[in-house]
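Each protein sequence line maps, in turn, to chains P and V. First residue of the first sequence? That's 0 in numbering that gives the first Met the number 0, and the numbers climb one at a time after it. First residue of the second sequence? That's 0 in numbering that gives the first Met the number 0, and the numbers climb one at a time after it. Note that the Cβ used here is the ideal one computed from N, Cα and C, for glycine as well. Only a predicted model underlies this, so the values are computations on that prediction, with no experimental measurement involved.
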Amino acid sequence: MTLQDLINQLKLKPLTGSQFERVSPTAGYASDLLSCVMAGAQKGAVWVTLQAHTNIVAVAALLEMSAVIITEGAQPDAATLDKARQEGITLLSTDKPTFEVVGRLWEMGLR
Amino acid sequence: MSATFDPRRVMTDQDVKTISRVEELSYELKIRDVMTARVHTVTPQMQIVEVLDLFREKRISGAPVVEGAQMIGLISLEDLIRAMRRGNGHARVSEYMTTDVITVRDFEPVVTGLEVFARTGVGRLPVLDEHGRLAGILTKGDITSGTLRALHEDFQAEEVRRYRASHLFEDIVSDRTSLILRYWIKPRDFQHGGQASSDIKRALLRLGADAQLARRCGIAVYEAEMNLIIHTTNGGIIKVEIEPGQIKMSAVDDGPGIPDVELAQRPGWSTATEEVREMGFGAGMGLKNIERCVDKMTLESTVGAGTRLTMKIHLQPRQGFNGASVSHSERATA
């Protein structure tokens, strides 16, 4: 399963990143508390959150995540997008709530 | 939005957000950087059969037609076939060449060449210099190999930096060598939150630390960095002291200080404001996270004077900072 598959199936809108078919997420994590994410998320994970500010990029970069899915239509500002491009972090956006996104990811086999 | 690059399309803001290094290079690299400068040219007086021999010998499929210093046309294998089919092998080049030649300038970016190729469907483009003289010839193959070369150079430059840094502790001899990195953290500077930890992680990887160690340091410093941003009056200083056998990190500020250090370390306890919590901070797990990542953590604080958090990681011989101990796979994934 690649990021491109996730994007297609969940109709996610890519905000940053490219070559999604080359990235295969290996785990998932959902939380809006950054320290929880720091403690719990694995390398290569897809992180589902409704946080959309700059620091999600720092967290995702430190943990070397494969993508961040921003839920509920939250829109990162330009500085966040810049930072994400700089750090090579893939940000994906959706109007769906976190619960639904996580459910779909689980159904698709992400554990 | 797609990963493939179509130069015919107008770039939208959305596209700009997803530019890859290769696409960036197509703007950075100039046509002169990738073109073939040594061009085989023909004259308008040459016979078609002579050109055919030249093409066969040099394994080329087209050549600019030059008179004096001026390029007056282009002749391709297709033109030659056209002449031969009519049995005109002894005709002059000038009769069969294309005079309406599309050219590019050597100072233009590679992306311009890509655009012209896409728009016109031609296979090669003569390249003119600023004075309008023939400077070379450009094919799509030139662009591909030029871009790959540039990517390879990027990659090598990083490898060299990493190699040099990873031998630092071997190359410099003293009774006790340490490298100290300092970062000034400003209060409420959420915009740059995580910058110091990200820089530190990268520095450790360049020094040859294994990925797991760099990650532990990164997480510990991130939490300390965010604490300085969220809680301090005037910000603070993060210091990382790297030695072959250990890494010592500290975050020091001058206030306001923590009234109850024990309480501050209790998981779930936080004094962060509602506003900061809304951003996802203040879970009361920061210090717990740090404790988990380092071998020894000490928190000292005096209200009104400031706080000093020190963290220490002991390095196993395998993780230590000398280039030889770092395996290649680790360096590649780092």
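Collapsed DSSP secondary structure at residue i in the structure displayed
i, result
"Ser326(V)", "Unreliable positioning characterises Ser326(V) in this predicted model, as indicated by a pLDDT of 38, which lies under 50. The coordinate reading is nonetheless provided below. Three-state DSSP puts Ser326(V) in coil, outside helix and strand."
"Ser173(V)", "coil"
"Gln245(V)", "strand"
"Lys200(V)", "helix"
"Arg291(V)", "helix"
"Gly281(V)", "coil"
"Arg187(V)", "coil"
"Arg110(P)", "coil"
"Leu24(V)", "helix"
"Gly16(P)", "coil"
"Val314(V)", "The displayed chain sequence assigns Leu, not Val, to residue 314(V). Three-state DSSP puts Leu314(V) in coil, outside helix and strand."
"Gly192(V)", "coil"
"Leu11(P)", "coil"
Cutoff 7 angstroms: residue i Cβ touching any chain V Cβ
i, result
"Gln50(P)", "yes"
"Ala57(P)", "yes"
"Asn7(P)", "no"
"Leu117(P)", "Absent from the model: residue 117(P). The displayed extent of chain P is 0 to 110, so no value can be given."
"Ala60(P)", "yes"
"Met37(P)", "yes"
"Thr93(P)", "no"
"Thr53(P)", "yes"
Interface flag, residue i vs chain P, CB-CB below 7 angstroms
i, result
"Ala282(V)", "yes"
"Gln264(V)", "no"
"Gln190(V)", "yes"
"Ser269(V)", "no"
"Met248(V)", "no"
"Ser197(V)", "yes"
"His313(V)", "no"
"Gly207(V)", "no"
Are the stretch 48-56 of chain V and the stretch 148-155 of chain V touching, with three or more C-beta to C-beta distances below 8 angstroms? Contact between the stretch 48-56 of chain V and the stretch 148-155 of chain V is absent, because fewer than three Cβ pairs lie under 8 angstroms.
Give a yes or no on contact between the stretch 246-256 of chain V and the stretch 265-282 of chain V, applying the rule of three or more CB pairs nearer than 8 angstroms. no
Complete alpha helix (DSSP H) runs within the stretch 27-100 of chain P (minimum length 4 residues, chain order): 33-39, 54-61 and 77-86
Counting only runs of 4+ residues fully inside the stretch 26-97 of chain V, write out the alpha helix (DSSP H) ranges in chain order. 30-33, 47-57, 76-84 and 92-95
What are the residues in the stretch 291-309 of chain V lying within 8 angstroms of chain P by C-beta distance? Across the stretch 291-309 of chain V, CB contacts with chain P closer than 8 angstroms involve Arg291, in sequence order along the chain.
How do the stretch 100-112 of chain V and the stretch 25-33 of chain V stand: do at least 3 beta-carbon pairs fall below 8 angstroms, yes or no? Per the Cβ contact rule, the stretch 100-112 of chain V is in contact with the stretch 25-33 of chain V (3 or more Cβ pairs under 8 angstroms).
Taking three-plus beta-carbon pairs below 8 angstroms as touching, is the stretch 64-71 of chain V in contact with the stretch 173-181 of chain V? no
Residue ranges of each alpha helix (DSSP H) run of no fewer than 4 residues wholly in the stretch 206-273 of chain V, ordered along the chain? 210-230 and 260-263
Decide if the stretch 119-136 of chain V is in contact with the stretch 164-173 of chain V; the criterion is three or more beta carbon pairs, one per stretch, under 8 angstroms apart. no
Residues of the stretch 217-237 of chain V whose Cβ lies closer than 8 angstroms to any Cβ of chain P, in chain order: Gly217, Ile218, Tyr221, Glu222 and Met225
Runs of beta strand (DSSP E) lying entirely within the stretch 102-166 of chain V, each at least 3 residues, in chain order: Complete beta strand (DSSP E) runs here, min 3: 123-127 and 133-138.
Is it true that the stretch 37-52 of chain P meets the stretch 61-76 of chain P, where meeting means three or more beta-carbon pairs spaced less than 8 angstroms apart? With the cut-off at 8 angstroms, the stretch 37-52 of chain P and the stretch 61-76 of chain P touch.
Can at least three beta-carbon pairs, one atom from the stretch 93-110 of chain P and one from the stretch 216-234 of chain V, be found at a separation below 8 angstroms? no
Do three or more CB pairs link the stretch 13-23 of chain P to the stretch 89-96 of chain P at distances below 8 angstroms? yes
Quick check: the stretch 91-104 of chain P against the stretch 1-11 of chain P, are there 3 or more CB pairs under 8 angstroms? yes
Residues, ordered as in the chain, of the stretch 74-88 of chain P that lie near chain V by beta-carbon distance below 8 angstroms: Ala78, Leu80, Arg84 and Glu86
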